[in-house]
Amino acid sequence: MKAFVAGATGETGRRIVQELIARNIPVRALVRDIAKAREILSPEAELVVGDVLQPESLTAALGDSTVVLCATGAKPSFDPTGPYKIDFEGTKNLVDAAKAKGIEHFVFVSSLCVSQLFHPLNLFWLILLWKKQAEEYIQKSGLTYTIVRPGGLKNEDNPNPIVMQGADTLLDGSIPRQKVAQVCVESLFESTARNKVVEIISKPEATSKSFGELFANVAG
Ligand SMILES: NC(=O)c1ccc[n+]([C@@H]2O[C@H](COP(=O)([O-])OP(=O)(O)OC[C@H]3O[C@@H](n4cnc5c(N)ncnc54)[C@H](OP(=O)(O)O)[C@@H]3O)[C@@H](O)[C@H]2O)c1
8 MKAFVAGATG ETGRRIVQEL IARNIPVRAL VRDIAKAREI LSPEAELVVG
58 DVLQPESLTA ALGDSTVVLC ATGAKPSFDP TGPYKIDFEG TKNLVDAAKA
108 KGIEHFVFVS SLCVSQLFHP LNLFWLILLW KKQAEEYIQK SGLTYTIVRP
158 GGLKNEDNPN PIVMQGADTL LDGSIPRQKV AQVCVESLFE STARNKVVEI
208 ISKPEATSKS FGELFANVAG
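Written as structure tokens, this is what we have:
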């Protein structure tokens, strides 16, 4: 297995890279700024420069990767096209390149509440709507996928167990980015994670379960 991580210098992407390296999985990290990436990422990660908005850069960037993990995301800005471009068009470009390469598994970091048009987060240029469009494009692509919808992301890890449920069942809650990264990487190894949308938060009162149990409990 060789893993391609898009959004590798992001707060979640860098943790996905760490988790993969900790499991001895070779990583190709898609980065836009190589100097920034060298400061953030382990020297074991192979850095490839590219941009999800430049589809022609992606085929070469994917190289000999066999799986893709996508943790890109538009940053809040005054550009009303940001989420449309990064979260939808960029993901679509990556899906097309992954399909052309015969990628075995595509893991996508999405968000809770993507099905709620009137959610306040859509005030950020319809970000949830564009993420949902990206999800649907992945689901129709024919690629094997796992769509991971986390609650509010936290940089600090905590010992709280993960709660994992099916699409459109969790309305709020938060989760450390480290746990999101673990779920993304574990999904590559759990057959019951394939072709599923999973919503995740963490809660102190939740019962601790193995990743196998968590994925198996979500209907496909
Ligand atoms: N914040 C929350 O509470 C929350 C909750 C649920 C879901 N989410 C979603 O979870 C995901 C991860 O969030 P995060 O806060 O960890 O992300 P983040 O730190 O904002 O990182 C986003 C990454 O996307 C990359 N990126 C942006 N445009 C790109 C482009 N054109 N080509 C290639 N890469 C590009 C950025 O690259 P650079 O480093 O070069 O800028 C960065 O590495 C996002 O999709 C976010 O919407 C967030």
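Numbering-wise, the numbering used here puts 136 at position 129 of the sequence shown, and it's gapless, one number per residue. Ideal placement from N, C-alpha and C gives every residue a C-beta, glycine not left out.
Cβ separation of residue i and residue j, assumed to be a contact under 8 Å, to the nearest whole Å
i	j	result
L27	V38	So it is not a contact: roughly 15 Å between Cβ atoms.
A36	V24	6 Å
E142	F115	7 Å
L160	T19	7 Å
S65	N100	It is worth fixing the name first, because residue 65 is Leu in this sequence and not Ser. With 8 Å as the limit, L65 and N100 qualify as a contact, their Cβ atoms being about 6 Å apart.
R21	L48	6 Å
T176	E206	6 Å
Option nearest residue i by Cα separation, candidates the options
i	options	result
A188	N162, L101, A174	N162
P183	D164, W132, V192, P90	D164
L228	G219, K147, G158, L177	An answer regarding residue 228 cannot be provided, because it is not within the stretch 8 to 227 covered by the chain.
K139	E193, S49, G180, G80	G80
G180	L130, R156, K82, E46	R156
V170	V225, F131, F125	V225
R45	A15, S84, A67, A174	A15
A78	E197, Q172, G173, D58	D58
A200	S209, Q185, K210, Q172	Q172
L130	P83, G158, A174, S148	P83
S148	K186, N202, E197	N202
Residues near residue i in its chain [Cβ-Cβ closer than 8 Å; skip 5 each side]
i	result
L128	S118, C120, I134, L135
L69	F11, R35, V75, A104, A105, K108, I110
I41	L54, V56
I145	T98, V102, F113, F115, Y152, I154
H126	C120, L135
Identified DSSP bridge partners for residue i
i	result
Q172	E206
V121	In the DSSP output, where bridge partners are listed per residue, V121 has none listed.
K161	P183
Chain-order list of residues whose beta-carbon lies under 7 Å from that of residue i (same chain, five-residue window excluded)
i	result
Q215	Reading off the sequence shown, one finds Ser at residue 215, where the question assumed Gln. Cβ neighbours of S215 beyond the five flanking positions: P168.
V192	I23, E26, L27, R30
L124	L136
G227	N202, K203
S122	K139, D175
L221	I169, M171
D71	K9
Spatial neighbours of residue i in its chain, beta-carbon cut-off 6 Å, leaving aside the 5 residues before and after
i	result
W137	P90, Y91, D94, F95
I32	M8, A10
(request) At 3 residues or longer, and completely inside the region 32-64: list those beta strand (DSSP E) runs for me, N to C. (result) Entirely contained in the region 32-64, the beta strand (DSSP E) runs reaching 3 residues are, in chain order, 34-38, 53-56.
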